[in-house]
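These notes are about the structure you will find just below.
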Amino acid sequence: MKLFEKVLIANRGEIALRILRACKEMGIKTVAIHSTADETSKHVRLADESVCIGPPSAKDSYLKMSAIISAAEVTGADAIHPGFGFLSENAAFAQMVEEHGITFIGPTPQHITMMGDKITAKKTMIDLGVPVVPGTEGAVNVDNAIEWANKIGYPVIVKATSGGGGKGMKVATSDEEVVNAVRLAGVEAKANFGNDEVYMERYLRRPRHIEIQVVADTHGNAVNLGERDCSIQRRHQKVWEEAPSPALAQDQRRTLGDIVNKAMKKMGYRGVGTLEFLFEDGQFFFMEMNTRIQVEHPVTEMVTGIDLIKEQIMIAAGHPLSFKQEDIKITGHAIECRINAEDPETFAPSPGKVIAYHTPGGFGVRVDSHVYGGYVVPPHYDSMVAKLIVHGKNREEAMQKVKRCLDEYIVDGIKTTIPLHRMLVDNPDMRKGDYDIHWLEKHLKKDA
Ligand code: ADP
Numbered sequence: 008m009k010l011f012e013k014v015l016i017a018n019r020g021e022i023a024l025r026i027l028r029a030c031k032e033m034g035i036k037t038v039a040i041h042s043t044a045d046e047t048s049k050h051v052r053l054a055d056e057s058v059c060i061g062p063p064s065a066k067d068s069y070l071k072m073s074a075i076i077s078a079a080e081v082t083g084a085d086a087i088h089p090g091f092g093f094l095s096e097n098a099a100f101a102q103m104v105e106e107h108g109i110t111f112i113g114p115t116p117q118h119i120t121m122m123g124d125k126i127t128a129k130k131t132m133i134d135l136g137v138p139v140v141p142g143t144e145g146a147v148n149v150d151n152a153i154e155w156a157n158k159i160g161y162p163v164i165v166k167a168t169s170g171g172g173g174k175g176m177k178v179a180t181s182d183e184e185v186v187n188a189v190r191l192a193g194v195e196a197k198a199n200f201g202n203d204e205v206y207m208e209r210y211l212r213r214p215r216h217i218e219i220q221v222v223a224d225t226h227g228n229a230v231n232l233g234e235r236d237c238s239i240q241r242r243h244q245k246v247w248e249e250a251p252s253p254a255l256a257q258d259q260r261r262t263l264g265d266i267v268n269k270a271m272k273k274m275g276y277r278g279v280g281t282l283e284f285l286f287e288d289g290q291f292f293f294m295e296m297n298t299r300i301q302v303e304h305p306v307t308e309m310v311t312g313i314d315l316i317k318e319q320i321m322i323a324a325g326h327p328l329s330f331k332q333e334d335i336k337i338t339g340h341a342i343e344c345r346i347n348a349e350d351p352e353t354f355a356p357s358p359g360k361v362i363a364y365h366t367p368g369g370f371g372v373r374v375d376s377h378v379y380g381g382y383v384v385p386p387h388y389d390s391m392v393a394k395l396i397v398h399g400k401n402r403e404e405a406m407q408k409v410k411r412c413l414d415e416y417i418v419d420g421i422k423t424t425i426p427l428h429r430m431l432v433d434n435p436d437m438r439k440g441d442y443d444i445h446w447l448e449k450h451l452k453k454d455a
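See below:
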């Protein structure tokens with residue numbers, strides 16, 4: 008069976024480079040698209056062709072569907088990889104790509120729509136036998152907020168139906184707070200997602216964020232590649248991820264994996280995806296599903312030896328999975344540190360010119376980044392500039408490796424969150440793997 012001739016990468020930064028590298032190894036030509044702010048980006052320089060699609064503002068470039076489709080048509084690309092963020096979970100874009108006779112490297116528009124609406128996603132998972140966080144069956148409003156909150160039991164969290172990136176979420180602990188929480192979450196949701204619909208669920212006190220990576224082909228096969236623990240978060244955004252989770256027992260892993268495989272098969276899902284759960288007192292609660300590759304996918308690659316981007320491309324080209332569930336072996340331990348161009352104390356963005364750049368290396372070390380000495384980090388986009396990923400034979404070795412690598416890592420000219428990761432790797436709780444989703448914020452408050 009054949010592959011694609013030419014893939015257009017509808018993204019920027021490290022993930023665009025990551026996709027480009029996979030394509031090159033597969034003998035596929037690449038087209039980079041970029042805004043005027045990203046002319047000097049590494050993936051633009053390394054691509055076979057590049058097309059400037061607009062000014063810096065994402066809405067006029069990386070989110071501009073017509074410009075991206077035109078770029079694909081002009082260059083003769085036969086597939087588009089959306090990466091993450093931007094248009095990766097936009098069903099209209101997936102649909103438009105396919106209508107132009109180009110393959111969208113991702114799930115069907117129907118599945119993107121279904122999982123993009125978090126209320127529908129939860130309903131679908133309940134029907135598929137997946138345990139979910141207890142909450143409202145549909146949207147809530149200021150009039151029924153108190154009634155629902157009392158049914159669920161305080162504390163509750165109000166979340167945007169079309170939310171993402173931790174935005175549009177408000178916690179309430181009483182009848183007095185909940186009406187306001189619904190109102191505020193709605194306003195935030197409207198501003199960020201153009202949709203003010205919100206729902207409510209029980210707010211778990213000390214859960215871990217555990218997500219399962221799934222891969223499914225168009226021949227009815229669905230396999231899971233184990234979990235990632237992404238509990239280290241700030242403002243509901245992931246900072247540090249690891250696999251396997253220090254908190255899961257083998258039988259818990261297997262039980263959840265079986266439930267997820269069955270659900271994906273029944274759904275007829277295609278492509279890679281992630282089911283996100285909260286895990287508390289030995290119980291899993293589904294929160295949402297991301298129908299795309301995720302930032303933290305490398306930790307799974309390191310412990311399974313499977314290249315997830317190549318798998319995405321193979322699945323989109325119609326190939327069956329080259330492995331079965333029993334072939335998946337989790338080997339050793341992997342950790343990813345997200346390195347942002349931010350002040351490590353105030354978290355204020357720190358764009359600008361990188362004067363000197365030296366990355367760590369050695370056995371089991373991987374740096375996914377588009378940064379180079381002399382590169383200017385533009386102020387217009389997400390502040391993540393690099394991911395440091397290490398693989399060790401066990402968690403202890405992986406932690407030692409993180410520590411060693413952070414000491415080697417030099418980024419001069421801009422501020423980065425490397426010092427935050429240095430603090431994390433030395434912390435006794437982190438050393439033990441003893442943390443939940445609130446740990447980092449509590450810890451930062453203590454330090455302040
Ligand atoms: P987003 O799509 O914006 O990332 P998620 O639904 O994935 O939103 O939630 C992001 C994070 O918010 C979770 O990883 C968790 O830390 C926190 N969170 C979400 N729902 C709950 C809940 N019911 N109880 C406690 N924390 C929650």
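In the working numbering, the protein residues as written are 8 to 455. Think of the CB as a built atom: it goes at the ideal place given N, C-alpha and C, for glycine as much as any other residue. Because the structure is a prediction, the values reported are computed rather than measured.
At least one heavy atom of ligand 1 falls within 7 angstroms of the beta-carbon of Tyr210. Unbroken beta strand (DSSP E) runs of no fewer than 3 residues, entirely contained in the stretch 120 to 171, are found at 163 to 167, following chain order.
Cβ contact annotation for Thr424 (same chain, cutoff 7 angstroms, sequence separation greater than five): Ile346, Asn347, Glu349 and Pro351, in chain order.
Sixteen is the threshold: when 16 or more other Cβ atoms of the shown chains lie within 10 Å of the Cβ of Ile87, as they do, the residue is buried.
With three or more CB-CB distances shorter than 8 angstroms, the stretch 214 to 223 counts as touching the stretch 274 to 288. For the pair Gly420 and Lys360, the Cα-to-Cα distance works out to about 6 angstroms. Rounded to whole angstroms, Val246 and Ile337 show a C-alpha spacing of 23 angstroms.
Per the coordinates, the alpha-carbon of Arg438 lies some 24 angstroms from the alpha-carbon of Asp375.
In the three-state reduction of the DSSP assignment, Ala84 falls in the coil class. Between Ala167 and Val205, the beta carbon gap of about 6 angstroms places them in contact (Cβ cut-off 8 angstroms). Relative to ligand 1, Glu234 has its C-beta separated by 7 angstroms or more from all heavy atoms. Here Asn231 is buried: its Cβ has 16 or more other Cβ atoms, across all protein chains shown, within 10 Å. In its chain, beyond the 5 residues on either side, Pro116 have a beta carbon closer than 7 angstroms to the beta carbon of Gln102. DSSP places Lys317 in the helix class (H, G or I) of the three-state scheme. Taking 8 angstroms as the cut-off, the beta carbon of Ala179 is found closer than this to the beta carbon of Ala156. Judged by DSSP secondary structure, Arg235 falls within the beta strand (DSSP E) whose first and last residues are Ala229 to Arg241.
Gln240 has its Cβ nearer than 7 angstroms to a heavy atom of ligand 1.
Only residues of its own chain outside the window of five on either side were considered, and among them Ile126 and Tyr206 have a CB closer than 8 angstroms to the CB of Gly145, listed in chain order. DSSP places Glu21 within a helical segment (H, G or I) once states are collapsed to three. The residues Asp314 and Leu315, in chain order, have a CB closer than 7 angstroms to that of Glu308 in the same chain once the five nearest residues on each side in sequence are set aside. For the set Thr37, Val372 and Cys59, the Cα lying nearest the Cα of Thr47 is the one of Cys59.
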